[in-house]
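Novice:
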Amino acid sequence: MQQILPYIINGISVGGQYALIAIGYTLVYGILRLINFAHGDVFMVAGLVMVYATTAMPFYVALPLVLIATVILGFTIERLAYKPLRTAPRMSVMISAIGVSYLIQNLAFYITGGVPQPVTRPIPWISENVTILGASTKRVTLITPILTILLVIALVYLINHTKIGMAMRAAAKDFETAQLMGIKINAVISMTFVIGSFLAAVGSMLYFTNYPSVAITSGGMPGLKAFVAAVFGGIGSIPGAVVGAFIIGLCEEIIKGLGYTTFSDAFTFALLIVVLCVKPTGLFGEKVTDKV
Amino acid sequence: MTMTKKKTIFTAAVLAVLLAVCIVVDMLLPSYHIAVVVIKKATVYSLVAVSMNLLNGFTGLFSLGQAGFMLLGAYAYAVLTIPVDKRAGVYQYFNGGALKFSVPEIFAGFLGDRVGTTVGMLLALLVGGILAALMAYLIGLPVLRLKSDYLAIATLGFAEILRAFFQWNALGPITNGSNLLKSYPAFSHATPYVVLAGLMIAVILLLINSTYGRAFKAIRDDEVAAEAMGINLAHHKRMAFIISSFFAGIGGGMLAMYMGAIAAAPFKSALTYEILLIVVIGGIGSITGSILASFLYIFFSEWLLRGLDAGKFLGINAPAIFKNGFRMVVLSVIIMVIVLFFRKGIMGDKELPDLLDRRPKQRKKEAAGK
Amino acid sequence: MKKLMAVLLALVMVLSLAACGGSKSDSQGAQSSGASGDKVVKIGVFEPQTGDNGAGGKQEILGMQYANYIQPTVEIGGETYQVQLEIVDNRTTPENGKSAAAELVNRNVSMVLGSYGSGVSMAGGEVFSEAGIPALGTSCTNPQVTAGCDVYFRLAFLDPFQGTVLANYAYKELGVDTAYVLGMLGSDYDQGLVYYFTEAFEGLGGTVVKEDFPEGSANFVSYINNAKSANAGVIFAPVSINYAQLIVEAAAAQGYEGALLGSDTWDSNKVIESATGKNVTSFVTTFYQEGGNAEFDAGIKEWINANADAKTNNGGNDMIAAVTAIGYDAYFTALEALKIAGSTDPKAVLEALPSVSFEGVTGLIEFDDIGDAKRDAAYIKTANTEAGTWDFVKVQTVG
Chain X
74 MQQILPYIIN
84 GISVGGQYAL
94 IAIGYTLVYG
104 ILRLINFAHG
114 DVFMVAGLVM
124 VYATTAMPFY
134 VALPLVLIAT
144 VILGFTIERL
154 AYKPLRTAPR
164 MSVMISAIGV
174 SYLIQNLAFY
184 ITGGVPQPVT
194 RPIPWISENV
204 TILGASTKRV
214 TLITPILTIL
224 LVIALVYLIN
234 HTKIGMAMRA
244 AAKDFETAQL
254 MGIKINAVIS
264 MTFVIGSFLA
274 AVGSMLYFTN
284 YPSVAITSGG
294 MPGLKAFVAA
304 VFGGIGSIPG
314 AVVGAFIIGL
324 CEEIIKGLGY
334 TTFSDAFTFA
344 LLIVVLCVKP
354 TGLFGEKVTD
364 KV
Chain L
1037 MTMTKKKTIF
1047 TAAVLAVLLA
1057 VCIVVDMLLP
1067 SYHIAVVVIK
1077 KATVYSLVAV
1087 SMNLLNGFTG
1097 LFSLGQAGFM
1107 LLGAYAYAVL
1117 TIPVDKRAGV
1127 YQYFNGGALK
1137 FSVPEIFAGF
1147 LGDRVGTTVG
1157 MLLALLVGGI
1167 LAALMAYLIG
1177 LPVLRLKSDY
1187 LAIATLGFAE
1197 ILRAFFQWNA
1207 LGPITNGSNL
1217 LKSYPAFSHA
1227 TPYVVLAGLM
1237 IAVILLLINS
1247 TYGRAFKAIR
1257 DDEVAAEAMG
1267 INLAHHKRMA
1277 FIISSFFAGI
1287 GGGMLAMYMG
1297 AIAAAPFKSA
1307 LTYEILLIVV
1317 IGGIGSITGS
1327 ILASFLYIFF
1337 SEWLLRGLDA
1347 GKFLGINAPA
1357 IFKNGFRMVV
1367 LSVIIMVIVL
1377 FFRKGIMGDK
1387 ELPDLLDRRP
1397 KQRKKEAAGK
Chain Y
3 MKKLMAVLLA
13 LVMVLSLAAC
23 GGSKSDSQGA
33 QSSGASGDKV
43 VKIGVFEPQT
53 GDNGAGGKQE
63 ILGMQYANYI
73 QPTVEIGGET
83 YQVQLEIVDN
93 RTTPENGKSA
103 AAELVNRNVS
113 MVLGSYGSGV
123 SMAGGEVFSE
133 AGIPALGTSC
143 TNPQVTAGCD
153 VYFRLAFLDP
163 FQGTVLANYA
173 YKELGVDTAY
183 VLGMLGSDYD
193 QGLVYYFTEA
203 FEGLGGTVVK
213 EDFPEGSANF
223 VSYINNAKSA
233 NAGVIFAPVS
243 INYAQLIVEA
253 AAAQGYEGAL
263 LGSDTWDSNK
273 VIESATGKNV
283 TSFVTTFYQE
293 GGNAEFDAGI
303 KEWINANADA
313 KTNNGGNDMI
323 AAVTAIGYDA
333 YFTALEALKI
343 AGSTDPKAVL
353 EALPSVSFEG
363 VTGLIEFDDI
373 GDAKRDAAYI
383 KTANTEAGTW
393 DFVKVQTVG
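Protein chains in written order, with the working numbering: chain X, 74 to 365; chain L, 1037 to 1406; chain Y, 3 to 401.
1) What first and last residue would you give for the beta strand (DSSP E) that runs through R156/Y?
2) In angstroms, rounded to a whole number, what distance separates the CA positions of S1305/L and Y1248/L?
3) Taking 7 Å as the cut-off, decide whether the C-beta atoms of F148/X and F281/X are in contact.
4) Quick one: what's L138/Y bridged to in DSSP?
5) Got a sec? Which residues, its chain only, sit under 7 Å from P402/Y by beta carbon, not counting five neighbours each side?
6) Are there 16 or more other CB atoms within 10 angstroms of the CB of A389/Y, so buried, or fewer, so exposed?
7) Does any CB atom of chain X fall closer than 7 Å to the CB of G218/Y?
8) For the segment 1101–1175 of chain L, list the alpha helix (DSSP H) runs that are entirely contained and at least 4 residues long, ordered along the chain.
9) Any contact between the segment 89–97 of chain Y and the segment 148–164 of chain Y? By contact I mean 3 or more CB pairs, one from each, below 8 Å.
10) For chain L, find out if any of its Cβ atoms is closer than 7 Å to the Cβ of T354/X; answer yes or no.
11) If you run the structure through DSSP and keep just helix, strand and coil, what is F369/Y?
12) Taking the alpha-carbon positions, what's the S174/X to D1345/L distance?
13) From what residue to what residue does the beta strand (DSSP E) around E213/Y run?
14) By how many angstroms is the C-alpha of A260/X removed from the C-alpha of P197/X?
15) Which residues in the same chain as V351/Y place their Cβ atom closer than 7 Å to its Cβ, once the five residues preceding and following it in sequence are excluded?
16) Could you list the residues in the segment 1169–1196 of chain L with a C-beta less than 8 Å from some C-beta on chain X, going in chain order?
17) Ordered along the chain, which non-local residues of its own chain (more than five positions away) have a Cβ less than 7 Å from that of I274/Y?
18) Do you know whose CA, among A202/Y, Y182/Y, Y258/Y, C151/Y, lies nearest D374/Y's CA?
19) Compile a chain-ordered list of the residues in the segment 1099–1110 of chain L whose CB is closer than 7 Å to at least one CB of chain X.
20) Strictly under 7 Å for the Cβ-Cβ distance: is D338/X near chain Y by that measure?
21) May I ask you to list the residues that DSSP assigns as paired with S174/X?
22) Comparing the CB of M1063/L with every heavy atom of the ligand NAP, is any distance shorter than 6 Å?
23) Between T391/Y and chain X, is the shortest Cβ-Cβ distance under 7 Å, so that the two count as touching?
24) Assign K44/Y to one of three DSSP states: helix, strand, or coil.
25) Span of the alpha helix (DSSP H) holding I289/X?
26) Please name the residues in the segment 99–112 of chain Y whose beta-carbon is closer than 9 Å to at least one beta-carbon of chain L, in chain order.
27) Between Y416/Y and M66/Y, how many whole angstroms is the CB-CB distance? I'm expecting something under 8 Å.
28) Just verifying my parser: in three-state terms, what is the DSSP assignment at G322/X?
29) Could you say if the segment 1045–1055 of chain L and the segment 325–335 of chain X meet the contact criterion of at least three C-beta pairs nearer than 8 Å?
30) Determine the DSSP secondary structure at Q86/Y, reduced to helix, strand or coil.
31) Which of the residues in the segment 225–243 of chain Y, read from start to end, lie with their CB under 7 Å from any CB of chain L?
32) Below 8 Å, how does it come out for the segment 1180–1194 of chain L and the segment 1281–1301 of chain L: are there three or more Cβ pairs, yes or no?
33) Out of curiosity, what's the CA-to-CA distance linking A1299/L and N1215/L?
34) Report the start-end ranges of each alpha helix (DSSP H) in the segment 300–381 of chain Y that is 4 residues or longer and not cut off at the edges.
35) Under 7 Å between C-beta atoms, does Q33/Y make it to chain X?
36) Would you say the segment 1061–1079 of chain L touches the segment 1215–1233 of chain L, given that touching needs at least three Cβ pairs under 8 Å?
As structure tokens, this is what we get:
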């Protein structure tokens, strides 16, 4: 037990971080049927903003600023890069997403000079070390899963019990009918991007509390893995994304613990392909059939 | 009739001029001159972009596995062609590697040095293409049943898995693990690249204009209708995937030749994205567009815009703005503008001979009449 | 719309042609102005400024720039030449190395310095070899850089040497018999050192547990735990600066009690920043120890402090990395070679390089038959986590 415990704690923590990103993917996919390739980069930008903001100003200003900046970024991306393509084929929108990802990475490269930016002032308290059951870890490791679950509960409440939530569900069910019923579809879509970016920003702050620097490519892998988690859980389903993320986080760390470190990334993708081939709807996804 | 004739002459003339330019460049400039380097790279990218266009543009299968197939081709080429006496140095951590032969040297043995080496090199490229095609067949079995974005992400995943395998130390005696493969023979001039890639693209063009090509386009335009017309969906999708991968494999081999030293690291999803964006710039569904976009993209990114990174551009000296990475920012902004506002790219779905058509309106009417 | 596209296309073509012509006349202009005024000799700097090795490459460039600042001219064949550094970013990776190298060749450099990192040096070496331009590797440590290329020389020590030194130190001095080694998948630098360390450590009778991590990893907690469960007394991780920081942090967070061993890449103020204030022990090998040459130390510190850009590139303080010293020596080696050659012709410089012999800040600089600097000792330093500095431990030789 003493041997496995650190891996499990770590796995749950990693899973929590993936979960916060995965929700962004799953929300957007649920409504727009779009893999938002730029979401991982939004996550990275949130980390960069945090680095710059925390060195320049006190935490009670810096952290809200990170949230606001990230939300604005997510909103802007949707308005500029996805909205004009609303009637275009799905492939065009996906290409646009890839283009945005490319643009954000290049911009970040330009601004940072291509060198990873050190996190010089990690958020206090949560970055301190604690020991539980003989395993030493940062406090953020323990906070992440708890915070994730709290945020998810709040989100599920929002979706099930508020007007905008109802509109989101309607849009996810049938885009055009929802529009005909008088739902302001653009506002709903913007809202999903705002929520997704907000959660990515929270995830980013937790993630980069654990690590000393933010690199331009920092968003890529967590982004892809979170996406796999969303598919695994059944894309479009929020509980699915969260469960999927925790499973992937745990599996990844256990695989490292077993000594197959070379394939810890490859495993995630192998899982993706198996899931897609065996049960494309994932754990909790609904079955979607193509209409002629 | 005269129009077709005119078009043929026009196309032939353009191609001849381009080839002549390339030969002249080769004669006048040393092989390390940036112009030659850029032509080589752009040619390789053209081939890969066209192969991707065949799949994404002509068949409508959104695959993001190109980097994986290029990796296979590149490794096949490098592994097979490293001279025997250099193997000890290259495979320094793996006792000289598992293979104790080099294809070009075998052929040089009985065909003479020059011819034999070239034949061996081409054969190694071909092996790379075949390996990529085989892998595409295997991957295609489960993956091609998936729909658009699921297919994209699954092929992306396969490319990543492939990369991890090639870096695995247990395969080191063949792949050299994480270390560079180098010292293999390569064409030093640009013309062989141009001729080789030109031939490959010509084959792809013939294919597109065959019954297969028409079936591919039908699948792209409407899968259900195509199936109703009696096109075997599974078979044609698989063929498109295999053929595209075959040429991506050959392109990968040529990329290895161009780079002079390869490892698995550069064959990431970023490479696939780059090529996809080139295809989009050129126009999804236009071979000419893909080639043109490859050349423009490589010329700008590797050569003409370098000043944007180095503090001085078009005589304007502004080191504070023109610093490292600005070039790529400018390029990606241009790409976004094309993606959003010029969705057809440079060429749309037109080809080189279509440039002679003066009356697009009439063509549209005809199309509507059909 | 179609017409518009056609016009646009034509415009792009014309523009590109114009730019093409423009850049050509530009380079000619530079040459002629060089010829009319003071004579100029160009030395190419082939270094990463971006990517995983960006931070290290920048520090190396600092050494060259400082050297250029204190010695901006050189006597070649009785004439005084201005030395002009032509800096090109090779972006750390071999696939970008080739075009960056071609760019340098295009700028008509007489000699090339760099790079930080072996893979990119080998890729560049192919181009330099074709063009017949001599290149002087700085902190690239893979034997194949010089062995596989007739124009490449090198100042750093080699991986077999470095790996053996560290293995000896761990086994004999630290008394450890189990080592955990960790390298990045896909990095030839990491894997090379892992190989030589393992060979030497096992040769001494120790046990090695070997693992890889995929590129872009940020979470090293599980790796540290693997090392713990293997009862490893040391973790040897010859990784780039970025990952070194992550490993130091993870080891501290997990309360790892053994020592961390690093290669020359670890000798960076960024790594020491991560280690400061934490309970970790780490040792690194390097080419130069701050304090080795008081005059050089004082001079470069003053220069860095007076120059805001330089300070940023050095990571925000004036600590001197070994790679900066190597960069400094590389510049003077180039000047020596130019003097001996008596010409700016790359071929003459190439012939002159083997006969260079002078006392640099990192020791006596002379080349052997393969083109490697003759080095038989490495400095071992340890991280002082209270003061935030590297403390000198000893000079270790193989024996």
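We put the CB at the ideal spot given by N, CA and C, even for glycine.
Keep in mind it's a predicted model, so treat the numbers as computed, not measured.
Specialist: Reading from the atomic positions:
1) 154–156
2) 29 Å
3) no
4) L115/Y, F155/Y
5) Residue coverage of chain Y in this structure runs from 3 to 401, which leaves residue 402/Y outside it and unanswerable.
6) exposed
7) yes
8) 1102–1117, 1120–1126, 1139–1147
9) no
10) no
11) strand
12) 21 Å
13) 209–215
14) 37 Å
15) S112, M113, P136, A339, L340, A343
16) P1178, V1179, R1181, L1182, K1183, S1184, D1185, Y1186, A1188, I1189, A1190, L1192, G1193, F1194, E1196
17) A385, G390, T391, W392
18) C151/Y
19) none
20) yes
21) In the DSSP output, where bridge partners are listed per residue, S174/X has none listed.
22) For the structure depicted, the ligand NAP is absent and the ligand set is empty, with no information on it obtainable.
23) no
24) strand
25) Where I289/X is concerned, there is no enclosing alpha helix (DSSP H), given that its DSSP letter is neither H nor E.
26) G99, K100, S101, A103, A104, E105, V107, N108
27) The first residue shown for chain Y is 3 and the last is 401, placing residue 416/Y beyond what the model contains.
28) helix
29) no
30) strand
31) none
32) no
33) 6 Å
34) 310–315, 324–343, 348–354
35) Reliability fails at Q33/Y, whose pLDDT of 39 lies under 50, so the model's placement of it is uncertain and the value that follows must be treated cautiously. Chain X, which has no Cβ nearer than 7 Å to the Cβ of Q33/Y, makes this no.
36) yes
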